[in-house]
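Protein chains: 2
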Amino acid sequence: MLDNGPRTAGGKLRKSERRRQILLELKLRPHVRISALSERFNVSPETLRRDLDALAKDRLIDRAHGGASAPSQGHYPSLDERKSARVEERARIARIAAASVQEGETLMIDSGSTTIELAKALAFRGVACTVITNSLPVAMTLGHGVANVMLCPGEYQSAEGAVIGTETLEFLRNFRVDRCMIGASGVSEEGISETVRGFAAVKREMLRRARVRAVLIDSEKFAIAGLARAGAMQDLSTLFTDARPKGTLLAALEAAQVEICVAGPAG
Amino acid sequence: MLDNGPRTAGGKLRKSERRRQILLELKLRPHVRISALSERFNVSPETLRRDLDALAKDRLIDRAHGGASAPSQGHYPSLDERKSARVEERARIARIAAASVQEGETLMIDSGSTTIELAKALAFRGVACTVITNSLPVAMTLGHGVANVMLCPGEYQSAEGAVIGTETLEFLRNFRVDRCMIGASGVSEEGISETVRGFAAVKREMLRRARVRAVLIDSEKFAIAGLARAGAMQDLSTLFTDARPKGTLLAALEAAQVEICVAGPAG
DNA sequence: AATATTTTGTTGGATTACCCTCGTTTTGGC
DNA sequence: GCCAAAACGAGGGTAATCCAACAAAATATT
Numbered sequence: 000m001l002d003n004g005p006r007t008a009g010g011k012l013r014k015s016e017r018r019r020q021i022l023l024e025l026k027l028r029p030h031v032r033i034s035a036l037s038e039r040f041n042v043s044p045e046t047l048r049r050d051l052d053a054l055a056k057d058r059l060i061d062r063a064h065g066g067a068s069a070p071s072q073g074h075y076p077s078l079d080e081r082k083s084a085r086v087e088e089r090a091r092i093a094r095i096a097a098a099s100v101q102e103g104e105t106l107m108i109d110s111g112s113t114t115i116e117l118a119k120a121l122a123f124r125g126v127a128c129t130v131i132t133n134s135l136p137v138a139m140t141l142g143h144g145v146a147n148v149m150l151c152p153g154e155y156q157s158a159e160g161a162v163i164g165t166e167t168l169e170f171l172r173n174f175r176v177d178r179c180m181i182g183a184s185g186v187s188e189e190g191i192s193e194t195v196r197g198f199a200a201v202k203r204e205m206l207r208r209a210r211v212r213a214v215l216i217d218s219e220k221f222a223i224a225g226l227a228r229a230g231a232m233q234d235l236s237t238l239f240t241d242a243r244p245k246g247t248l249l250a251a252l253e254a255a256q257v258e259i260c261v262a263g264p265a266g
Numbered sequence: 000m001l002d003n004g005p006r007t008a009g010g011k012l013r014k015s016e017r018r019r020q021i022l023l024e025l026k027l028r029p030h031v032r033i034s035a036l037s038e039r040f041n042v043s044p045e046t047l048r049r050d051l052d053a054l055a056k057d058r059l060i061d062r063a064h065g066g067a068s069a070p071s072q073g074h075y076p077s078l079d080e081r082k083s084a085r086v087e088e089r090a091r092i093a094r095i096a097a098a099s100v101q102e103g104e105t106l107m108i109d110s111g112s113t114t115i116e117l118a119k120a121l122a123f124r125g126v127a128c129t130v131i132t133n134s135l136p137v138a139m140t141l142g143h144g145v146a147n148v149m150l151c152p153g154e155y156q157s158a159e160g161a162v163i164g165t166e167t168l169e170f171l172r173n174f175r176v177d178r179c180m181i182g183a184s185g186v187s188e189e190g191i192s193e194t195v196r197g198f199a200a201v202k203r204e205m206l207r208r209a210r211v212r213a214v215l216i217d218s219e220k221f222a223i224a225g226l227a228r229a230g231a232m233q234d235l236s237t238l239f240t241d242a243r244p245k246g247t248l249l250a251a252l253e254a255a256q257v258e259i260c261v262a263g264p265a266g
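Respectively, the protein sequence lines represent chains A and B.
According to the numbering used here, the stretch in the first sequence is residues 0 to 266, in order.
According to the numbering used here, the stretch in the second sequence is residues 0 to 266, in order.
Laid out in structure tokens, this is it:
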């Protein structure tokens, strides 16, 4: 056996040392299993079970059946929440939007469930880009990967997990980016809209600071005009969605020469 | 047939789509369980087992008992070793520090595991105060409660879940607060220190902008001088810890007239 | 439309992990 | 050395997972 730490009279490692090594191991590998650890430390599976349970109680590891893995940094929506509403559609929209991003580009991404999906898709693709965002989940998702993330200042809104306010707007004015990717709570022939004024202001500013101005929106939100306008049709260059718009909305989009990208069911 | 999408006639996802989603999920979480996936996709565990085995064969995932985890290659930075134990101690320190905060005060709180505990304690007490922080977990913890939270801008550091950089420092200079609460990776007779320079700079700036300047530090870190100095003894007004300092450290603290608050074991 | 192929579900038995309790060993203090 | 507390291991019953072979269903092909 290797000499890798202090041991008891019986030649075994003591509890604290064992647990320290478990944490160390999880830095290198994403997962350890009880059976393997038990063999390595030469202690009974029951002891390891107690170790893992203790560490899991302190949130230092994520317990799994037969082992444990490193804790997820930053909490993502649980599996149950996903069933709720149109997650599949949003993920598809996010995927085609992410596909349009080039290596090395600078982007602004705002807050919302659709843009979080976009962040996941970008992280999945591993695109090395620089992102300015006011959304904490977006920052945390992209921050684990190769992207460079700059977070905006502002008043924290717990409902959205994002910051807004004058500090946010002022901060955004210091930058100019290749493209912005924003969500919205509605799109009609008058443009895109948002229910909360503070968020609308952030979207407006992001649209001003970007060369390519893209909106990601669920087809369920077609022909909906919310309280605050976040941008006119003329302010947009691309619309990512999951179904082809019709009627007056389509006419308005074409009149403003907005590129329409529809996510096919296949992704 | 028109619809060659990811869903079958029965409304279930296809194999490729399911496997794609499993990979995506593992980008965000370190581990997935067969039982959970089976429920989510509404397919039998055997099907998921086949999926995971196939993905493991291609080295895209690491198989484990009852589930799978992300392959060790692209695994992201470490969890903090300081977290190894002493959760209780940090919680106690955080509790007495939180007790010193008055209703209506303005504070600056920096990043680190101890200050996250402080945020939890403040949220638990329900103190209505205004907080400026560069830590995302601190913002999210306090944001759910009655506190008013202002987040700093800056480059996101996924290892700490916080932002740093020139934008952060510049932003802090616009404010002046009643008190700051900061952590540190060491305290010696020369003052408090930090291992990462970027975080030390944030702490220094917070100390400059506050009337009452408090440090929360575990007694395990006494007499440790890290790489970068975050503040001299003279910059501090209060030290919250879990054991009474001794020797030259105590002498230096008394010479600088730093108030020493020790958290009793009872909490 | 009929057939071939792929994908998925099912069944049953072996394996592994879980959880609880209890006795033993080790540790740390006096 | 002695005692109390903590840590550890052993046993047994239960639950979850695994594996392999086969049956059913969905999909693709001709």
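A virtual CB, placed ideally from N, CA and C, is assigned to each residue, including glycine.
The structure displayed is predicted, hence computed values, not measured ones.
Beta-carbon spacing of residue i, residue j below 7 Å
| i | j | result |
| --- | --- | --- |
| M149/B | I163/B | no |
| A98/A | E116/A | no |
| S184/A | A161/A | no |
| H30/A | A63/B | yes |
| T114/B | V137/B | yes |
| A122/A | T140/A | yes |
| L215/A | G182/A | yes |
| L235/A | T194/A | no |
| G190/A | R228/A | yes |
| D241/B | R210/B | no |
| I267/B | G66/B | With chain B covering 0 to 266 only, the question about residue 267/B has no answer from this structure. |
| M205/B | D61/B | no |
| D50/A | R18/A | yes |
| L249/B | F221/B | no |
| L238/A | R208/A | no |
| V145/A | A127/A | yes |
The alpha helix (DSSP H) enclosing residue i, as first and last residue numbers
| i | result |
| --- | --- |
| G246/A | 246-254 |
| R39/A | 33-40 |
Where residue i meets chain A, residues with beta-carbon distance less than 9 Å
| i | result |
| --- | --- |
| E154/B | N147, V148, M149, L150 |
| K14/B | Here the premise fails: no neighbours, minimum Cβ distance about 13 Å. |
Span of the beta strand (DSSP E), counted from its first residue to its last, around residue i
| i | result |
| --- | --- |
| R178/A | 176-181 |
| I60/B | That residue, I60/B, is in no beta strand (DSSP E); it is neither H nor E in DSSP. |
| R228/A | 227-230 |
| A267/A | Outside the modelled stretch of chain A, which goes from 0 to 266, sits residue 267/A, for which no answer is possible. |
Neighbour list for residue i in chain B, Cβ cutoff strictly below 7 Å
| i | result |
| --- | --- |
| V162/A | L150 |
| G142/A | Y155, S157 |
| F170/A | P152 |
Residues that residue i bridges to, as DSSP identifies them
| i | result |
| --- | --- |
| F239/B | L215/B, C260/B |
| G185/B | S192/B |
| F221/B | V186/B |
| A209/B | V176/B |
Under 8 Å by beta carbon: chain B residues contacting residue i
| i | result |
| --- | --- |
| M139/A | L135, Y155, S157, G160 |
| P29/A | P29, H30, D61, S68, A69, P70, S71, H74 |
Within chain A, partners of residue i - CB distance below 7 Å
| i | result |
| --- | --- |
| L23/B | K119, F123 |
Interface partners of residue i on chain A, CB under 8 Å
| i | result |
| --- | --- |
| G65/B | A63, H64, G65 |
| K56/B | Here the premise fails: no neighbours, minimum Cβ distance about 17 Å. |
Proximity test, residue i beta-carbon vs the ligand COA heavy atom, cut-off 6 Å
| i | result |
| --- | --- |
| G197/B | With respect to the ligand COA, the structure offers nothing, as it holds no ligand at all. |
Within the segment 95-181 of chain A, note down every full alpha helix (DSSP H) run reaching 4 residues or more, in order along the chain.
Scanning the segment 95-181 of chain A from its first residue to its last, the whole alpha helix (DSSP H) runs of 4-plus residues come out as 112-124, 135-142, 165-171.
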